[in-house]
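In terms of numbering that gives the first Met the number 0, the sequence shown is residues 0 to 358.
Reading through the structure tokens given below for one structure.
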Amino acid sequence: MFLAQSFERRSGPMTIQFKQETFRDDFTFSNSPEAIRRFPFPFDRDEYMYAVNIEQHMPGPAKSAFEFPIDIDEHYVAEMQDRALVLKEDPLRCQSLPHMITAEWDLLELLMESMAKNYPEHFTLTKDGDRWRWVNRPLGIDQSFTFGDVSTLPYPPMEYVTRQCQGDFCLLDQRLDNLWMDSGIVTTQADWSLDFDIGMNFMEWHAPVPLAHDLGVFERALKFLLNLQQGRPVRRLNWTMTINPRLDTSPENYHKWGKDRTTVTPENVGDKVHLRVELQALWRLPRSNAIVFSIRAYMIKMEELVTVPKWGRRLHRVLRGLKPELVEYKGLSRYHGMTVDWLSRHDDGAPTSPGFFPD
């Protein structure tokens, strides 16, 4: 006899009001006041320099982006619609080498269990041995399938589940004392290419980053990750800036978004310039021993960010003191000065409290 098993969130239902919005063309994306308050602001002090900055991916404060391992927010439906558009235009944004199929099933289980447990109003996972049923109410999906049997799903397991989960995902195979990017779905990246990086090892795909190599950041990070334990995921925040709320800033589409940088003026900084933060997390997977690297992108325009006075002051000071190499690497050169000037109007010189969260 099979044991039927359902995953639910014990602390009660959470209903999210999903927005209709776009990340291209007319750019109707915006953050509600609640989304602003839960934005994962990446600076815990008034200056910035590369660091390993890895911490345990533990449950964070209620209603924050760190509350649950997989964060679902008001932008979920719109982001999934944008992902479908990207994959239709360029199927190579999702690639997986044949030996990664076990890791793909590991990822499907991780995401489905987390989403169903923490957002039961929106997702339900029922297991009856290897016969599983997945219900995704926001996207209108009700799928029964056999775990481990690719023929029972409309897409391979990684693509199937990540078409329903915010953020990009890379599956890293561990061998030869290194990590290899052998599988992934990447449609919301900040100017890097899965098609270029697939099959590369950890040091190779981080090669373009300035300063960090001289500081030994990546050597320490790799050593740490090679010893990552199952059940003890870790996270870090990364950041850049982007013009217009465009999720897909890939090299493949540079001809679409690169010119946006020339459209910033002192008058439109508040509306056009966005802080783009990546909540990056890593899990050791149980069957494959691979590591899943999730990269969840959040965006907030300057006018929204300065509604939190601490963040307005701090971002001004961080950008003002940013080293030229980082200004260039992050692609800020054309509008860096204008953004610093605009933010200076929101910096009264008052001290800022330690940490990331609003006062």
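Beta carbons are placed, not taken as given, at the ideal position from N, Cα and C, and that holds for glycine.
Between the CA atoms of residue j and residue i - distance to the nearest angstrom
i: E324; j: R44; result: 20 Å
i: P244; j: F42; result: 20 Å
i: S5; j: Q279; result: Because S5 sits at a pLDDT of 37, beneath the cut-off of 50, its placement in the model cannot be relied upon, and the point is left open.
i: W191; j: F292; result: 15 Å
i: G11; j: P119; result: Low local confidence applies: a pLDDT of 40 at G11 is under 50, so the model's placement there is unreliable, with the coordinate-based value given in what follows. Their backbone Cα atoms lie some 8 Å apart in a straight line.
i: S287; j: A102; result: 5 Å
i: P265; j: D340; result: 8 Å
i: R36; j: I299; result: 11 Å
i: M361; j: K309; result: In the structure as shown, the chain begins at 0 and stops at 358. Residue 361 is therefore absent and cannot be evaluated.
i: G198; j: K62; result: 37 Å
i: P39; j: G139; result: 29 Å
i: E7; j: A115; result: In this prediction, E7 has a pLDDT of 36, which is less than 50 and means its spatial position is unreliable; nothing more can be read from the coordinates.
i: T125; j: R162; result: 19 Å
i: Y334; j: V326; result: 10 Å
i: L152; j: R313; result: 47 Å
i: D141; j: E108; result: 16 Å
i: E251; j: T21; result: 20 Å
i: A189; j: D247; result: 8 Å
i: W131; j: V149; result: 13 Å
i: T351; j: G59; result: 22 Å
Residue i - partner residues in DSSP beta bridges
i: W238; result: V276
i: R136; result: Beta-bridge pairing links R136 to no other residue.
i: E54; result: R234
i: T200; result: As written in the sequence, residue 200 is Asn, which differs from the Thr given in the question. According to DSSP, N200 bridges with W179.
i: V291; result: L170, W282
i: M298; result: R275
i: R130; result: D127, T145
i: L95; result: Looking at the sequence itself, residue 95 is Ser, so the reference to Leu does not match. The partner list for S95 (beta bridge, DSSP) reads S182.
i: T21; result: Answer is none; T21 lacks a bridge partner.
i: T248; result: A189
Boundaries (first-last residue) of the beta strand (DSSP E) holding residue i
i: D347; result: No beta strand (DSSP E) contains D347, which DSSP labels as neither H nor E.
i: T125; result: 122-127
i: Q385; result: There is simply no residue 385 to check, as the chain begins at 0 and stops at 358 in what is shown.
Start and end residues, alpha helix (DSSP H) containing residue i
i: S113; result: 100-117
i: G59; result: Looking at the DSSP string, G59 is not in any alpha helix (DSSP H), and its letter there is neither H nor E.
i: I69; result: Looking at the DSSP string, I69 is not in any alpha helix (DSSP H), and its letter there is neither H nor E.
i: K255; result: 253-256
i: M79; result: 75-88
i: R36; result: 32-36
Any chain B beta carbon closer than 8 Å to residue i
i: G183; result: The structure shown contains no chain B, having only a single protein chain.
**Request:** Count the C-beta pairs between the region 290-308 and the region 79-86 that are closer than 8 Å, then say yes if the count reaches three, no if not.
**Result:** Look at the beta carbons and you see the region 290-308 not touching the region 79-86: under three pairs across the two are nearer than 8 Å.
**Request:** Report the residue ranges of all alpha helix (DSSP H) runs contained in full by the region 140-167; include only those spanning at least 4 residues, in chain order.
**Result:** Runs found: 156-161.
**Message:** Three or more C-beta pairs under 8 Å: does that hold for the region 231-249 against the region 46-57?
**Reply:** Contact between the region 231-249 and the region 46-57 is present: three or more C-beta pairs spanning the two stretches fall below 8 Å.
**Asked** Should the region 167-185 be regarded as contacting the region 84-104, the criterion being three or more beta carbon pairs within less than 8 Å?
**Response** Touching, yes, given that three or more Cβ pairs across the two stretches are closer than 8 Å.
**Message:** Whether or not the region 13-22 and the region 112-128 are in contact is what I'm after, with contact meaning three or more pairs of Cβ atoms, one per stretch, closer than 8 Å; do they touch?
**Reply:** Touching, per the Cβ criterion.
**Asked** Between the region 186-203 and the region 165-172, are three or more C-beta pairs nearer than 8 Å?
**Response** Put simply, the region 186-203 touches the region 165-172. At least three CB pairs are less than 8 Å apart.
**Prompt:** On the three-pair Cβ rule with 8 Å, is the region 85-98 touching the region 153-163?
**Reply:** The region 85-98 makes contact with the region 153-163: 3 or more CB pairs, one atom from each, lie closer than 8 Å.
**Message:** I'd like the ranges of any alpha helix (DSSP H) spanning at least 4 consecutive residues and lying wholly in the region 308-343.
**Reply:** Restricted to the region 308-343, the alpha helix (DSSP H) segments that are unbroken, complete and at least 4 residues in length are 308-319, 323-328, 335-343, listed in chain order.
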